[in-house]
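In UniProt numbering, the protein residues as written are 1 to 514.
Cβ coordinates follow ideal geometry from the N, Cα and C atoms, glycine included.
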C-alpha cells in the first residue's frame, strides 16, 4: 500500500551552524560538541540534540562522529522515527548524508562514529565543508505513525548557531640595536585574559603563556618581520592547546602547572636569508616584529530561533547544556487554533475598523490588535490624531509586501518565507512602529544569514537605526573576515559612509582599545 501523507503529522528540520570550527582543535578525541536541544510537541515530550565529535573517537580516530541524540526525557520509552543527518555546503547542498527508519529509546543516539573523514572536512574539501570556517550540519526527523508521515512542507524549521569565541590581538615589537643586544631578549604582552612572554634567543623564538581565564583552551601565535618598506615576512606560527597553557589565578598569586612539562615552547626562528639582508629587514639596526595572537575559549554562545511553517517563537539564549522548554500537546493545539482564528480575522477582513493605505494597496485592520502589538499604533488610535478620527493610516514609505508581512506578524507572531532582503525591509518597519519582538527576530535572522557581500549593508542598516547590538555584531564579523575589504561593497562603504569604515579600520589596527 502506498504511503499516505497527512498535514496533521509534524516533524522538524534542525540546522546547526558551528562557526570558527578550526579553533576547536584543543578538543581531545572522544569529546563532543552538543547543540541546543529542541522539542517536537507531537513526540509527547521527547527532547533531542545533535552531537558532533570533530576529533573523532577511540575506534575511528581519523573520522568525525555525528549523532542525533535523544535526551533522558519524559516521552515514550521507545519511538519509531525517520531521521536524516547531513553536512551542508554554504549554499545548502548536501555533502554527506545518512538516513534511516529506526527505533530510538530515551538516552540513545542515532548516527555514526565515522560519519565523515577529518581529511575531507579539514583538508582536501575544506572550502566546501568549512566555508568561512563554519560547518553547517542538519537533521531532519519525523515520527512514524503507522502508515502516516508528513511532507517536507509541513516540517518545522529550527536554526541554531554555536560560535567559538575567537579573540585576535596584535602588537608591534621594535628591537633597537639588534646586532648588539644580549643573547636572550624577553618582551611581555599583557591582555585582560592572558600574558604572552615572547623570548628571542639569537634567532629562535620561544613563548611563555600564562592565562587568567581557564576557559581559554587554544592559542595561536604568528610572528612576522616588517621590512624597510612596511611589508611583512612570516616567520612561522606556534600553536598551543589546553595541555600546554600555564594557568594562573587573577592577581598572579598562584600558578597551576597542569599537564605540561615546561613553561617555554618553541614557536619559530628568523629565516637565515633575512639575517643576510639586514639593510632591508633591519634598517638602522632595528628589528621590527609584528606579533599576532589568537585565543579561543570553550564558552559557546547559542542563538536559537525557528522560522518557517510553524509560528517562529524566537528566543536568544546563552545555553550551558540545554534549553528547558516544554509545551503540552493540548496547549500547543489550542494556541495553533487561536493563531488560525486571528489570521482569519486579518485575511478575511472580519469586522475591521481601520484601513492602512500604501501607495497602491489597502489593508483593512483592527485598531485593538494593532494597538496591543505596537506602541506607535496605540498612540495613533488613543490620542486625538487624524488617524483616529478618519479611520485611515497612510504608509507611503513601505512596500506592499513589507506591510503585509508586518501585519501577518502582528496578528499571528508568524514569519513567512523570510529572505535576506525582506528581513532587512521588515526590520525597518519594525523599528518604525516599535514592534520590538519583530525587530529582534529580524535582527537574529540577519545575523544568522550574514555573509561578506551583505555585511556592509547590515552595518549601514544597524547604524541608521542606532542598533548597537547588531552594529557591534557586524563590526566583529567584518574584522573576522578579511575578504570583505576586497569587495566592491566595502569600496562603496568607504565612499559613502567614511566614518563607519574608519571605525572598522581603527578597531582592526588597535584591537586592544575596543
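Here residue 419 is exposed: its Cβ has fewer than 16 other Cβ atoms, across all protein chains shown, within 10 Å. A straight line joining the alpha-carbon of residue 49 with that of residue 12 spans about 12 Å. When the beta-carbon positions are compared, residue 135 and residue 21 come within less than 7 Å of each other. Annotated three-state conformation of residue 46 is coil, per DSSP.
The beta carbon of residue 361 is closer than 6 Å to those of 400 in its chain, skipping five residues each way along the sequence. The three-state reading of DSSP puts residue 55 in coil, since its state is none of H, G, I, E or B.
One Cα belongs to residue 413, the other to residue 506, and the distance between them is close to 40 Å. Counting other Cβ atoms within 10 Å of its Cβ, residue 140 reaches 16 or more and is therefore classed as buried.
With contacts defined as CB atoms closer than 7 Å, residue 62 and residue 142 fail to qualify as a contacting pair. Beta bridge pairing from DSSP links residue 138 with 15, 86. As the crow flies, the alpha-carbon of residue 487 is around 7 Å from that of residue 453. Classified as exposed, residue 349 has fewer than 16 neighbouring CB atoms from the shown chains inside 10 Å of its CB. Straight across, the Cα-Cα distance linking residue 31 with residue 64 is about 11 Å. Across the set 46, 448, 94, the C-alpha of 448 shows the shortest separation from the C-alpha of residue 423. Non-local C-beta neighbours of residue 425 in its own chain, meaning closer than 7 Å and more than five positions away in sequence, comprise 399, 402, ordered along the chain. Around residue 89, the same chain offers 95, 128 as residues with beta carbons nearer than 6 Å, after the five sequence neighbours per side are excluded. DSSP places residue 353 in the coil class of the three-state scheme, outside both helix and strand.
Our two residues, residue 479 and residue 406, have alpha carbons roughly 33 Å apart in a direct line. Rounded to the nearest angstrom, the gap between the Cα atoms of residue 379 and residue 409 is 20 Å. Within the UniProt domain "BTB" (352-419), the complete beta strand (DSSP E) segments of 3 residues or longer fall at 354-357, 362-365, 392-394, listed in chain order.
Cβ contact annotation for residue 461 (same chain, cutoff 7 Å, sequence separation greater than five): 424, 427, in chain order.
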